[in-house]
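Engineer: Here's a structure for you.
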Amino acid sequence: MNLFLDAFAWIFSPDRLTGSLPLPEAVAQHLAFTFGSVLIAALIAIPVGWAIGHTGRGREFAVALSGAARAIPTLGLVVLLYLLVGVVYKSQAAVVAFVILAIPSILAGAYTGFEAIDRSTISAARAVGMTGRQILFEVEVPLGLPLLIGGLRSATLQVVATVTIATYVGLGGLGFYIIQGIQLRDTAQILGASVLVVVLALVLDGVFALIQRLVVPRGVVARTARTRSTAAARPVPAS
Amino acid sequence: MNWVVNNLELIWGLTLSHLRQSGIAIVASFVIALPLGWLAWRYTRLRGSVLTTIGLLYTIPSLGLFALLWAVFGIPYLSESNLVIALTVYGVAIMTRSVTDGLDSVEPSTREAAIAVGYGPWRRFWTVDLPLAGPVLLAGLRVTATSTIALATVGILIGVENLGYLFTNGLQRRIIPEVLAGVVLVVIIALVFDLIILIAGRLLMPWVPRREGSRAERRALRRFAAEGAA
Numbered sequence: 028m029n030l031f032l033d034a035f036a037w038i039f040s041p042d043r044l045t046g047s048l049p050l051p052e053a054v055a056q057h058l059a060f061t062f063g064s065v066l067i068a069a070l071i072a073i074p075v076g077w078a079i080g081h082t083g084r085g086r087e088f089a090v091a092l093s094g095a096a097r098a099i100p101t102l103g104l105v106v107l108l109y110l111l112v113g114v115v116y117k118s119q120a121a122v123v124a125f126v127i128l129a130i131p132s133i134l135a136g137a138y139t140g141f142e143a144i145d146r147s148t149i150s151a152a153r154a155v156g157m158t159g160r161q162i163l164f165e166v167e168v169p170l171g172l173p174l175l176i177g178g179l180r181s182a183t184l185q186v187v188a189t190v191t192i193a194t195y196v197g198l199g200g201l202g203f204y205i206i207q208g209i210q211l212r213d214t215a216q217i218l219g220a221s222v223l224v225v226v227l228a229l230v231l232d233g234v235f236a237l238i239q240r241l242v243v244p245r246g247v248v249a250r251t252a253r254t255r256s257t258a259a260a261r262p263v264p265a266s
Numbered sequence: 587m588n589w590v591v592n593n594l595e596l597i598w599g600l601t602l603s604h605l606r607q608s609g610i611a612i613v614a615s616f617v618i619a620l621p622l623g624w625l626a627w628r629y630t631r632l633r634g635s636v637l638t639t640i641g642l643l644y645t646i647p648s649l650g651l652f653a654l655l656w657a658v659f660g661i662p663y664l665s666e667s668n669l670v671i672a673l674t675v676y677g678v679a680i681m682t683r684s685v686t687d688g689l690d691s692v693e694p695s696t697r698e699a700a701i702a703v704g705y706g707p708w709r710r711f712w713t714v715d716l717p718l719a720g721p722v723l724l725a726g727l728r729v730t731a732t733s734t735i736a737l738a739t740v741g742i743l744i745g746v747e748n749l750g751y752l753f754t755n756g757l758q759r760r761i762i763p764e765v766l767a768g769v770v771l772v773v774i775i776a777l778v779f780d781l782i783i784l785i786a787g788r789l790l791m792p793w794v795p796r797r798e799g800s801r802a803e804r805r806a807l808r809r810f811a812a813e814g815a816a
């Protein structure tokens, strides 16, 4: 446990507030890159995802896109864009890479949110005379919200991890300390910064989990609770 | 393109290391996730805690996980085993979920029929539950394989050489074709693995219809579409 004591000593040392990159500034950079990129990605992916979910067209394309995106090595994409765009615009290059990586999860969250809605609910909305626009914004969007938030959640976590790696091209953020620590062979710094990265990811995950729970419309909560209890009541096979 | 032609030997060597590291991790994830996923599915009490723990593991950024594996389990930080174990952790996180979802997707009436005609638990698992959970397992394995292959490149940051070497070396020497070759090769390898698993699945499970699955199966497959890889 000595390793962790050293790491915590590193985190809480007064030296962290001075130097070339003070710790609060690194955290702020990390969060700014993460939320900035996820926001841009959301502005692009949510309308497209809703359009796919509402019309049912272009679904194959979205599935293929998210499959292909998983195969892209994040570090390679960041380095490639950095070299193509140049040192002056390295932050912009990195943000473009983060946005590309965040889009598929958000897109998938947006359209699967619509697809998961019971078809009879949509038919009922149409039967009571709702227009296509009303169905979209008053039925599909609220019911699809939990899965959309789920998509934003995985996009955010992926970008947090990627920002850490992308420090390699000199972006700052918490990854800076890890990579510098590896070069200096400073184990307390490596572990201290790694602990902070992990805590940051877990906190963001927790916040999103909370939001995901809060956005479920009240009527749906009651329904899922009932389905869950019937699933639990199902006889478990003897073995 | 000149750079690629002049460095074929280097690229080949790095590709082999890449295949070795990610191959071990993919196989290990499957082997570990199968009993783990079964336990979480069979014992409802374990289910919540197993799946939550696994979900948390999945949220840990790779550079953070390397340090935790070293500090908690004493695995040397700058080593190939650290990379392979970290990749396995992520693989297990994806696969365990798909094992439980896959077993869930088997119709209870089918399972009850197997019990009724006298299948014991062991034989039922291997000849009824596992094959019927196959399509969902396959989807999980495809996600595991592609994301493991892409993620393995991060190893270069802890000094493990594989195709990720082309990124850091290309950055230091400012050779764009080198970095591009690395990205393209990783994507190609990931897609080839994906295709191999898909074809192997078709051969092993000829009874699976190409398009329509059961509702639970579709739901499980859809969840994979929604969840990316960190």
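In order, the protein sequences belong to chains A and B.
So the first sequence is numbered by our numbering: it starts at 28 and just counts up by one.
So the second sequence is numbered by our numbering: it starts at 587 and just counts up by one.
Glycine is no exception: its CB is placed at the ideal position from the N, C-alpha and C atoms.
1) Could you tell me which of Ala91(A), Ser47(A), Ala55(A), His57(A) sits nearest to Leu132(A), measuring between CA atoms?
2) Quick one: does Ser266(A) have its CB under 8 Å from some CB of chain B?
3) Whether or not the segment 215-223 of chain A and the segment 73-86 of chain A are in contact is what I'm after, with contact meaning three or more pairs of Cβ atoms, one per stretch, closer than 8 Å; do they touch?
4) Which word fits Gly103(A), buried or exposed, when buried means at least 16 other C-beta atoms lie within 10 angstroms of its C-beta?
5) Identify whether Pro647(B) lies in helix, strand or coil by the three-state DSSP scheme.
6) Just checking my contact of Gly623(B) with Thr686(B) at CB under 8 Å: how many whole Å lie between their CB atoms?
7) Check Ile661(B) in the structure and name its three-state DSSP category.
8) Would you list, in chain order, the members of the segment 225-248 of chain A that have their beta-carbon closer than 7 Å to a beta-carbon of chain B?
9) Using Cβ-Cβ distances below 7 Å, what residues of the segment 150-179 of chain A are close to chain B?
10) Do you know how far the Cα of Phe125(A) is from the Cα of Met791(B)?
11) Hey, quick one: how far does the alpha helix (DSSP H) through Glu52(A) stretch, first residue to last?
12) From what residue to what residue does the alpha helix (DSSP H) around Phe616(B) run?
13) Hey, out of Thr732(B), Pro717(B), Tyr663(B), whose CA is closest to Leu605(B)'s CA?
14) Reducing DSSP to helix, strand and coil, say where Ala816(B) ends up.
15) For Pro792(B), name the three-state secondary structure that DSSP assigns.
16) List the residues of chain A that Arg648(B) touches, going by C-beta distances under 9 Å, in chain order.
17) Around the C-beta of Trp598(B), are 16 or more other C-beta atoms found within 10 angstroms, so that it is buried, or is it exposed?
18) For chain B, check one thing: does any of its Cβ atoms lie closer than 8 Å to the Cβ of Tyr204(A)?
19) Listed from N- to C-terminal order along the chain, which residues in the segment 726-746 of chain B have their beta-carbon within a distance smaller than 9 Å of any beta-carbon of chain A?
20) Using beta-carbon positions only, say whether Asp690(B) and Trp793(B) come within less than 8 Å of one another.
21) Report yes or no: is there a C-beta of chain A within less than 8 Å of the C-beta of Ala657(B)?
22) Could you have a look at Arg212(A) and say whether DSSP puts it in helix, strand or coil?
23) Do you know how far the Cα of Ala98(A) is from the Cα of Asn559(B)?
24) Is Tyr705(B) helix, strand or coil when you go by DSSP?
25) Does Phe753(B) get closer than 8 Å to chain E when you measure Cβ to Cβ?
Structural biologist: The relevant details are as follows:
1) Per the sequence presented here, residue 132(A) reads as Ser, with Leu not at that position. Checked all of Ala91(A), Ser47(A), Ala55(A), His57(A); the closest Cα to Ser132(A) is Ala91(A).
2) Reliability of the predicted coordinates at Ser266(A) is poor, the pLDDT of 35 falling under 50, and no value is obtained from them.
3) Contact fails between the segment 73-86 of chain A and the segment 215-223 of chain A, because fewer than three Cβ pairs, one in each stretch, are under 8 Å apart.
4) Residue environment for Gly103(A): buried (at least 16 other C-beta atoms within 10 angstroms of its C-beta).
5) Three-state DSSP puts Pro647(B) in coil, outside helix and strand.
6) Taking 8 Å as the upper bound for CB-CB distance, Gly623(B) and Thr686(B) are in contact here, some 5 Å apart.
7) Secondary structure at Ile661(B): coil, using DSSP grouped into helix, strand and coil.
8) Contacts with chain B (Cβ-Cβ distance below 7 Å) from the segment 225-248 of chain A involve Val225, Ala228, Leu229, Asp232, listed in chain order.
9) Residues of the segment 150-179 of chain A with a C-beta less than 7 Å from any C-beta of chain B: Leu174, Gly177, Gly178, listed in chain order.
10) Met791(B) and Phe125(A) have their C-alpha atoms some 38 Å from each other.
11) In the DSSP annotation of this structure, the continuous segment of the alpha helix (DSSP H) that includes Glu52(A) starts and ends at 50-82.
12) Start and end: 594-628.
13) That would be Thr732(B), whose Cα lies nearest to the Cα of Leu605(B).
14) Since pLDDT at Ala816(B) reaches only 34, below the 50 mark, its modelled position is unreliable, and no value is offered.
15) Residue state, collapsed to three classes: coil.
16) The question names Arg, but residue 648(B) in the sequence shown is Ser. Here the neighbours are Ala188, Thr191, Ile192.
17) Around the beta-carbon of Trp598(B), fewer than 16 other beta-carbon atoms lie within 10 Å, marking it exposed.
18) Answer no: the Cβ-Cβ gap between Tyr204(A) and chain B never drops below 8 Å.
19) From the segment 726-746 of chain B, only Arg728, Val729, Thr732, Ser733, Ile735, Ala736, Leu737, Ala738, Thr739, Val740, Ile742, Leu743, Ile744, Gly745 have a Cβ closer than 9 Å to chain A.
20) Not closer than 8 Å, so no.
21) So, interface residue.
22) Looking at Arg212(A) - three-state DSSP - the assignment turns out to be coil, as it is neither helix nor strand.
23) Because residue 559(B) is not part of the residues shown, which for chain B are 587 to 816, the question remains open.
24) It is coil, neither helix nor strand.
25) Any reference to chain E falls outside this structure, whose protein chains are A and B.
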